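Numbering (my numbering), first residue to last: 921 to 1041.
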């Protein structure tokens, strides 16, 4: 459990904004890197949420507990290629849902270790 989340909910009577939630979770991840007998979380994660202040924030955390926000990113195998493609194809404020989906499919097609993308995976 994360006391900061409960305190926010109690104080403001609304869900925690995504960026604050990620920061609270990263505080827990970071604490696990400092104490003997506890294994650190060995995972990087991408979080997306919605709140009335920031819209749809995309946040990333790494195993050490660091977090950051992105407009577009990816992690894992072939992430350098995918990030490069996102930098070239992402147009801030000028992307429709259709163009964003087309970019996502293009990135997946180029970076996944499959010979052909299909509806079923």
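Using N, Cα and C, we set each Cβ at its ideal position, and we do this for glycine too.
If you're wondering where the values come from, they're calculated on a predicted model, not measured in any experiment.
Would you list the residues sitting across from residue 978 in a DSSP beta bridge? One-based indexing of the chain shown puts residue 978 at position 58. DSSP output for residue 978 lists 968 and 990 as bridge partner(s).
Could you give the DSSP three-state label for residue 1035: helix, strand or coil? On the chain shown, residue 1035 is found 115 positions in, with the first residue counted as 1. In the structure shown, residue 1035 sits in coil (DSSP, three-state: anything other than H, G, I, E or B).
Answer yes if the stretch 997–1006 comes into contact with the stretch 958–972, meaning at least three C-beta pairs across the two stretches below 8 Å, and no otherwise. no
Relative to the alpha-carbon of residue 944, which residue among 972, 982 and 925 has its alpha-carbon at the smallest distance? By 1-based counting over the chain shown, the position of residue 944 is 24. Among 972, 982 and 925, the Cα nearest to that of residue 944 belongs to 925.
CB residue 1030 to CB residue 1009, shorter than 8 Å? Position 110 of the chain shown holds residue 1030. Position 89 of the chain shown holds residue 1009. Not closer than 8 Å, so no.
Less than 7 Å between C-beta atoms, sequence neighbours within five positions excluded: which residues of the same chain meet that for residue 990? Counted from its first residue, the chain shown places residue 990 at position 70. Around residue 990: 978 and 980.
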